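Those letters in the sequence shown? Residues 1 to 654, per the UniProt record's numbering, in order.
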Amino acid sequence: MTEDDLLTNIKSWKAGELVLHHKLSVAWRGLTAYAPAEHHVFPCSTSNLPFLPITTLDARGRPWTSILTGADGKPGFTTHSSCKTELEIMARLWEGDPLRGLSPDLLIKRDGETPVSGIGIELGSRKSYRKFAGALVELTRVGEGVVKLRLRVNQAFRRCPKYMTIRDLVPHASTQPNISYNESDLRGPLPEEVNAFIHSADTVFLGASYVPDGDSPQAPLYVETNIRSGRPGFIRVSPSDGCTIVLPDFSGNRLITSLGNNEAMSGILLASLTILSFTTGNVLYVTGNAKRLTGSDARTIMPRQNALTVLEATGAVLVRDALPVRERIGSAPVRSIYSPPVKLLTEEFKPSLSQLKDSASVRLVGVRVHSVDLATFEWELPVEHEGVFIQPGQAAVLDLAPFSDAPEYAQLALELPRALHDDRMRTWTVSSAHTSPTRSFELTIRHKPGGLMSGALFLIAQHQQQQHQQRRKSTCDDGDWDTDICGSLRAGLIGFAGAFVLPPPPSRRLLWASGGVGVTRFLAMLGALSRAREAADVVLVMSTRDPEVLFPLVHAALGTTPPPGLHVRLDIFTTRSMQAQELMKYTAEEMDIPGLRVCVYSGRITAGHWATVPQIEEREVFVCGPGTFEDAMIESLRGAGAKVGIVHREVFEL
């Protein structure tokens, strides 16, 4: 096939791309059969690229995305030929990389050439990156694990990097690649270590293949490669089968070049995922059957998500210590401010989501203000609803769209970047305790500076507090709750999420560590233990700058007459020494609460404090707070002999 033939075949958008452009009411035109001058710098630079992801098809027609690097992890392994359309690569392939395991005659071909695609990207900066596609016209093995490739490029264009995670990468030549898992014909769940690796990722390289309807010698095989980034955990694995991977699609420049393939491809849809760890060098390759879902079909699988890709894994390889490129020691990933919050699958909402209908709504019926930035909001289901069961520790997922205007599409929002793709959905901890199905529940919420939805709720809270204070002056009403809330203030209730819940008996020797408002996770647990009249030995270590605000909440959850078998030790750490001295009046002797012991400490929680916790090695550990707090607590608990291998943690970001 000549270059003119290629140009004739590619001077149009593929059918699936056009379908999705129509669905999203967008249009774009302009393709070229060679790499323009501005594209020669990227992906073809010999000085910038530490690695190059490319996608090819195996003998079964499945896409795999390989990672090409230099032998020592340094840039300079790619060169651009004098012809505008060719790349020459001298790459190292470690054992387990799909391309290494294939001989040239086993690669899918068309007119003697193998379809290939790739992306040239620098993770050290959020520059626009280049996708390219064409044909692999030469694959020669020149040594052990070293191959020479020649690629003919017939498509290239820039992509938007707004979700990309920036990393400071350096060469790391001393690797010892070893295959940890290899299943080319997967017929069951992926191993737990593989699924955990997927859930920890914030970046994935996505490959997709496309065979047009009416396959003919003139119809080229299309292969695409792209990158997706988000917050760690944005890629989900179905817990029911362990092999279905769900990748949410975020709004970018709306070209839909990779996912458009999956929209209209006849027969079996195919895609690949490759995930890298830039700290350990581990590399995961996955291939499988794929489909793209939009609208209600997507939301059925992942609530609040209007577009996603579902991949049923049919092959996977995990190689440890393979990537000869690592994050610089002491550096940290810089994640995009545009990345949406992590969304869970419907089946991850346990157990209450199945009890709710799409039309379920709740009404705001009460507000209790604790401080200028902390308040408890009571919500109630309609009278006709039979109620839901909420496990102590779970969080409610609310659709708060009625509280603000609907967002419009824009690619960038410099003033309020986090509001760009804000779907007005929020997840907040249920702080009330429930031992049976209920129609009402409470959410204790911290006002997040600049927060769109927490800001709206606190405007309501402040208004109602002013009204309440005026009534108290005129009527001598000393109640805490303000229930004079407009009945029109409603929100959609998606469900209740989270596995960070109170364990069933006999696991009743517990150690809880909370940072800031993360203590709200434990309010429901403590209240449930007290109301169920169950025996337990609980040590709650709480770090807070507002002990005078949070301690009364703990006291209220426990109640004045806890069951005889419930023993609670509350250790409060605060950096506000004056507040700590004032808190001495809240000791168990003065409050006369049986089974409660309160100790107040000045400063932060230290590693040495765990030595004062009796039977620490026998306690089930729960940690909730900011990510840095959780990491520090787990590290210090490990040194104290706690069972951190099965620690429960829930990063509190809301």
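Each residue gets a CB set at the ideal place from its N, CA and C atoms; glycine is no exception. Predicted model, so just to flag it, every value in this text is computed and none were measured.
Spatial neighbours of residue i within its chain, please: C-beta separation below 7 Å, excluding the five flanking residues on both sides.
i    : result
V369 : A375, A461, Q465
R576 : R545
G639 : A607
E618 : R509
G603 : F573, T575
Y163 : S229, G230, F250, S336, Y338, S339
E650 : G498, F500, R521, C624
E327 : R167, D168, L169, F278, T279
V142 : K148
A313 : L186, L190, C243, I245, V286, G288
V644 : V621, I634, L637, R638
H463 : none
Can you give me the Cβ contacts of residue i inside the same chain, cut-off strictly under 6 Å, excluding the 5 residues immediately before and after it?
i    : result
Q391 : V501
E38  : Bear in mind that the predicted position of E38 carries a pLDDT of just 49, short of 50, making it too unreliable to give a figure here.
L416 : Confidence at L416 is low in this model, with a pLDDT of 46, below 50, so its placement is unreliable and the value that follows should be read with caution. Within the same chain, L416 has no close Cβ partners at all.
M453 : L400, R426
E144 : none
H648 : F500, F622
H567 : D537, G595
E442 : T376, E378, S431, S432
S636 : A607
I646 : none
C599 : D571
Mind checking whether residue i and residue j have CB atoms under 8 Å apart?
i           : j    : result
residue 741 : L247 : As displayed, the chain neither begins before 1 nor continues past 654, which places residue 741 out of reach and without an answer.
F205        : T225 : yes
R150        : G134 : no
A433        : R531 : yes
I572        : M525 : no
I616        : G641 : yes
L186        : L123 : no
H244        : V310 : Before going further, note that residue 244 is Thr rather than His in the sequence given. The answer is yes: Cβ separation under 8 Å.
L523        : S431 : yes
E192        : A316 : no
A59         : R92  : no
I119        : V283 : no
T287        : S272 : yes
A325        : G73  : Per the sequence shown, the amino acid found at residue 325 is Val instead of Ala. Contact flag set, yes.
V362        : A528 : no
T55         : W64  : yes
G333        : T165 : As written in the sequence, residue 333 is Pro, which differs from the Gly given in the question. Contact: yes.
R439        : L381 : yes
P437        : F496 : no
A201        : I275 : yes
P115        : V223 : yes
G281        : T444 : no
Mind checking who residue i pairs with in its DSSP beta bridge?
i    : result
P248 : L308
V538 : L510, V568
C599 : D571
Q155 : A133
I227 : F205
E650 : C624
P63  : L57
D399 : M425, G492
R92  : T69, V146
F500 : DSSP, once it has assigned bridges, lists no residue as partnering F500.
S454 : Paired residues: none, contrary to the question.
P171 : V325
I179 : V319
P115 : A135
G366 : E378
T140 : K148
G515 : S543
A640 : Its beta-bridge partners do not exist; DSSP assigns none.
Please go through the same chain and pick out, in chain order, the residues whose beta-carbon is closer than 8 Å to the beta-carbon of residue i, but skip the five residues on each side of it.
i    : result
E347 : S238, P239, S240
V372 : H447
R508 : E534, A535, A536, D537
M302 : R236, V246, P248, L308, K343, L344, L345, T346
P552 : H370
H385 : A360, R439
Flag residue i as yes when its Cβ comes closer than 7 Å to any non-hydrogen atom of the ligand GTP, and as no otherwise.
i    : result
E144 : For the structure depicted, the ligand GTP is absent and the ligand set is empty, with no information on it obtainable.
Please give me, in chain order, every unbroken run of the beta strand (DSSP E) with length at least 3 that falls completely inside the segment 277–351.
Listed in chain order, the beta strand (DSSP E) runs fully inside the segment 277–351 are 283–294, 307–320, 325–327, counting runs of at least 3 residues.
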